[in-house]
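Just below is one structure, and these are the notes that go with it.
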Amino acid sequence: MMKEIIVKTRSFRRFKQDRPLDGAILRHCIECARLGGSARNCQPWQYGIVTDPHRCADIFPYLGWAGYLSDWPGPVEGERPSAYILCVLNRLWLKGNDQEAQFDLGIATQNMLLAAMENNIGGCRIGAFSAKLAGLFTLAEHQELSLVIALGYPVETVVIETISNNDIRYWRDEKQTHHVPKRSLDDIIISL
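Convert by adding 317 to the 1-based position in the sequence shown; the result is the number in this note's numbering.
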């Protein structure tokens with residue numbers, strides 16, 4: 318059961334833009350992030366929810382989409398995210414180093430995306446964004462925008478396949494199915 322939700326939780330980049338997301342579900346996703354582990358238990362992350370279509374439209378031009386798909390500028394109008402969760406590092410709460418905070422963010426965002434998929438909502442972590450994006454929001458000096466999660470009901474199919482020739486690049490076929498190569502279990506388990 319857990320493996321099934323993990324397999325379904327892929328990076329989705331095309332959505333039903335006109336289908337809004339329930340704020341209670343987004344709060345539930347953040348609740349699942351909150352309950353995850355944290356180095357030194359410092360819990361340095363805060364999250365902003367954006368669901369207003371106009372604010373979502375303001376965010377979109379600042380985002381980079383799918384680095385391996387260099388000829389794809391991102392989702393077209395009608396397939397853009399209907400919500401975003403902004404991940405903000407609160408430096409006043411940070412007790413360890415930035416690397417520990419990033420580990421925590423990985424745990425938190427995976428919990429969020431699993432909780433979203435539990436509700437048939439897909440998402441994509443986006444670390445490629447313009448520094449100007451933070452200027453759209455009221456952030457204190459100790460708050461740093463670090464990651465954006467794009468969310469919506471997916472309109473694309475994502476399939477996992479086994480890596481060949483050590484090529485980890487994801488790709489799209491002529492039907493726009495998104496293919497994600499993964500290393501085999503035997504390749505990642507080592508003898509010690």
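For every residue, glycine included, the Cβ atom is placed at its ideal position computed from N, Cα and C.
Buried or exposed for residue i, going by 16 or more other Cβ atoms inside 10 Å?
i, result
"Arg357", "exposed"
"Met318", "exposed"
"Leu311", "The structure shown does not extend to residue 311, since the chain is modelled only from 318 to 509, so the question has no answer here."
"Leu502", "exposed"
"Leu409", "exposed"
"His495", "buried"
"Gly444", "exposed"
Is the distance from the Cβ of residue i to the Cβ of residue j below 8 Å?
i, j, result
"Ala425", "Trp362", "yes"
"Thr326", "Leu450", "no"
"Thr368", "Pro390", "no"
"Tyr379", "Leu468", "no"
"Cys359", "Leu411", "yes"
Below 8 Å on the Cβ atoms is my contact criterion, and I expect residue i with residue j to pass it. Report the Cβ-Cβ distance as a whole number of Å.
i, j, result
"Tyr487", "Pro498", "7 Å"
"Ser463", "Val405", "7 Å"
Every unbroken beta strand (DSSP E) inside the region 403–484 [3 residues or more]: 439–443, 460–469 and 475–479
3-residue-minimum beta strand (DSSP E) runs that sit fully inside the region 332–397, ordered along the chain: 362–367
The region 377–386 / the region 413–427 touching (three or more Cβ pairs under 8 Å): no
At least 3 beta-carbon pairs within less than 8 Å: the region 473–486 vs the region 442–459: no
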